[in-house]
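Here the protein sequences come in this chain order: A and B.
Mapping the first sequence onto this note's numbering, position 53 (from 1) lands on 59, and the numbers just tick up by one.
Mapping the second sequence onto this note's numbering, position 91 (from 1) lands on 80, and the numbers just tick up by one.
Glycine included, every Cβ here is placed at the ideal spot set by N, Cα and C.
In what follows, a single structure is set out as structure tokens and then discussed.
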Amino acid sequence: MNLRALLNALTGRKSSKDVAKERLRLVLVHDRASVSPEFLEKIKEEIIRVISKYMEIDESNTVVNMHRSDDSAILEANLAIKAIRRNIH
Amino acid sequence: MGEVIVITSGKGGVGKTTTTANLGVGLALAEKKVVLIDADIGLRNLDVVMGLENRIVYDLVDVVEGRCRTKQALIRDKRYHNLFLLPAAQTRDKNAVSPEQMKKLCQELKEEYDFILVDCPAGIEQGFRNAIAGADQALIVTTPEVSAVRDADRIIGLVEAGEIKMSRLIINRLRPDMVKRGDMLDIDDILEILAIELIGVVPDDEKIIISTNRGEPVAALNDGSPSGKAYRNIVRRLLGETVPFLDFYKNQSFLSRLKRIIGLS
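Below, the structure is given as structure tokens:
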């Protein structure tokens, strides 16, 4: 670590490299999260397949979406349950 | 059977063409039969970087449209007898070639040559799709800048979605002095973000500009230039050798170390 890096550390100022890395991370979360409707449809089908082992799902009332905020991406799945299967424990 | 390698990046100006030229020369010096294809139709440049611009008769579009035989369009580099260039057409656009035609051409060249290096145009449109169509593996070129790394991430995604079985990263124009003072992304930072195998790191080197002025790729110069050495190491890794990565942070003079400690460089 050189003097400037040390000064940055002491004053809490980030090096331009750390800023670059952080910005890249965030922008890639956004880039990678911009997925196609076909891709979401595929995820939805697979989620329904897994959940259906345990519960009866109303497929027509199911929505899967990707949301992006400043520092994260959220996959949201809303599944309407018709009934819960017996003997699943 | 030869291997088709596409050199791509997404972003323009990161050094795809220079990389293609240098790896081509390096492979030819290793006694491999090599064809370089300039797939940047309408903006050809590999010919000038190679210093072969005065010898073009036919081009890539002439070949795929059947106006000449493939052999007739290949320019033999007289300095390295195993090296050939298939130049791009300058007066057409990227829609003049289709991915199927590129695939067929690569297949044909693989029969006779050991390596076919495809210099991909910038962007992710038709020209990119053509360039990757016949490729077995991809070399993704990036520089330690947010814009180039971001585009590399996108390209890696697109390449992996296709038929290419292996893609590896070249980090170009690294400046060790800037990395040291915390003003440039380091190799580890980029690898952590992109999660891809590294095949080489080429330091920023003014000799590249000088050699491009002369049309003489640096790998040919055995004058100890750090970029030439880096390219030759990539060539050896392409040939399956395990070569340790160059350490750019060692062997500094006392003065430059002192400058670094007091934060002057």
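Assigned exposure category for residue i - 16 Cβ within 10 Å defines buried
| i | result |
| --- | --- |
| residue 212/B | exposed |
| residue 139/B | buried |
| residue 60/A | exposed |
| residue 41/A | exposed |
| residue 18/A | exposed |
| residue 109/B | buried |
| residue 84/B | exposed |
| residue 46/B | exposed |
| residue 177/B | exposed |
| residue 27/A | buried |
| residue 48/A | exposed |
| residue 184/B | exposed |
Cα-Cα separation, residue i to residue j
| i | j | result |
| --- | --- | --- |
| residue 77/B | residue 70/A | 46 Å |
| residue 199/B | residue 15/B | 18 Å |
| residue 127/B | residue -5/B | 5 Å |
| residue 18/B | residue 12/B | 10 Å |
| residue 180/B | residue 186/B | 8 Å |
| residue 254/B | residue 171/B | The pLDDT assigned to residue 254/B is 48, lower than 50, so where the model puts this residue is not dependable, and the model offers no usable value. |
| residue 259/B | residue 104/B | Absent from the structure is residue 259/B, since the part of chain B shown begins at -10 and ends at 254. |
| residue 89/B | residue 162/B | 34 Å |
| residue 194/B | residue 50/A | 50 Å |
| residue -8/B | residue 23/B | 10 Å |
| residue 149/B | residue 92/A | 43 Å |
| residue 219/B | residue 71/B | 21 Å |
| residue 197/B | residue 205/B | 9 Å |
| residue 56/A | residue 85/A | 12 Å |
| residue 4/B | residue 53/A | 43 Å |
| residue 39/B | residue 201/B | 8 Å |
Beta bridge counterpart(s) of residue i as assigned by DSSP
| i | result |
| --- | --- |
| residue 186/B | 157/B |
| residue 89/A | 62/A |
| residue 82/A | 71/A |
| residue 104/B | -8/B, 23/B |
| residue 65/B | 73/B |
| residue 41/B | DSSP output for residue 41/B lists no bridge partner at all. |
| residue 49/A | None; residue 49/A has no bridge partner. |
| residue 126/B | -6/B, 155/B |
| residue 16/B | Per DSSP, none; premise fails for residue 16/B. |
| residue 163/B | 192/B |
| residue 131/B | 160/B |
From the options, residue whose alpha carbon lies closest to that of residue i
| i | options | result |
| --- | --- | --- |
| residue 64/B | 170/B, 36/B, 220/B, 206/B | 36/B |
| residue 31/B | 50/B, 147/B, 38/B, 20/B | 50/B |
| residue 116/B | 75/B, 82/B, 100/B, 60/B | 82/B |
| residue 157/B | 4/B, 189/B, 137/B, 195/B | 189/B |
| residue 86/B | 38/B, 52/B, 222/B | 52/B |
| residue 134/B | 164/B, 125/B, 114/B | 164/B |
| residue 255/B | 96/B, 101/B, 131/B | The question about residue 255/B has no answer here: the residues shown for chain B are numbered -10 through 254. |
| residue 74/B | 80/B, 234/B, 33/B, 183/B | 33/B |
| residue 59/B | 102/B, 42/B, 70/B | 102/B |
| residue 69/B | -7/B, 111/B, 20/B | 20/B |
| residue 92/B | 231/B, 230/B, 124/B | 124/B |
Test: residue i CB closer than 8 Å to a CB of chain C
| i | result |
| --- | --- |
| residue 116/B | You won't find chain C in this structure, because its protein chains are A and B. |
Heavy atom of the ligand FMN within 7 Å of residue i beta-carbon
| i | result |
| --- | --- |
| residue 81/B | Because no ligand of any kind appears in the structure shown, any question about the ligand FMN cannot be addressed here. |
| field | At least 3 beta-carbon pairs within less than 8 Å: the region 139 to 149 of chain B vs the region -1 to 11 of chain B | value | yes
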